[in-house]
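Residue numbers for the sequence shown follow this note's numbering, beginning at 152 and rising by one. All residues carry an ideal CB built from backbone N, CA and C; glycine is no exception.
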Amino acid sequence: MGLTKPNQQLARDLQGLASDLKWSAVELLRIVERLSLAGNEPDAQAILKMIILFQADEDKLAGYVDEVRAGRIVRERSE
152 MGLTKPNQQL ARDLQGLASD LKWSAVELLR IVERLSLAGN EPDAQAILKM IILFQADEDK
212 LAGYVDEVRA GRIVRERSE
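Listed below in structure tokens is the structure:
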């Protein structure tokens with residue numbers, strides 16, 4: 152059985168959020184490189200910690216998408 156429209160939208164929303172996190176991590180990594188080249192290692196390291204959190208959250212969102220597709224997470228229709 153396929154996903155209902157609300158669940159399809161939920162899966163798309165979660166995938167979109169994961170993509171946004173990935174894009175943000177890539178952009179932050181570029182900033183880290185510039186900070187390191189400028190000798191601002193403390194700020195570069197702080198941003199690297201943020202990137203690691205973003206990557207972990209991206210993985211969580213991907214897991215939630217899998218759960219939506221498997222029917223373990225369900226979005227009810229709004230009234």
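Just so you know, the alpha carbons of G167 and L212 end up roughly 9 angstroms apart. Taking C-beta atoms under 8 angstroms as the contact rule, L172 and M201 fail to qualify, at a distance of about 11 angstroms.
Judged by DSSP secondary structure, N158 falls within the alpha helix (DSSP H) whose first and last residues are 156-188. A207 is classed as exposed because its beta carbon has fewer than 16 other beta carbons within 10 Å across all chains shown. For E218, the three-state secondary structure derived from DSSP is helix.
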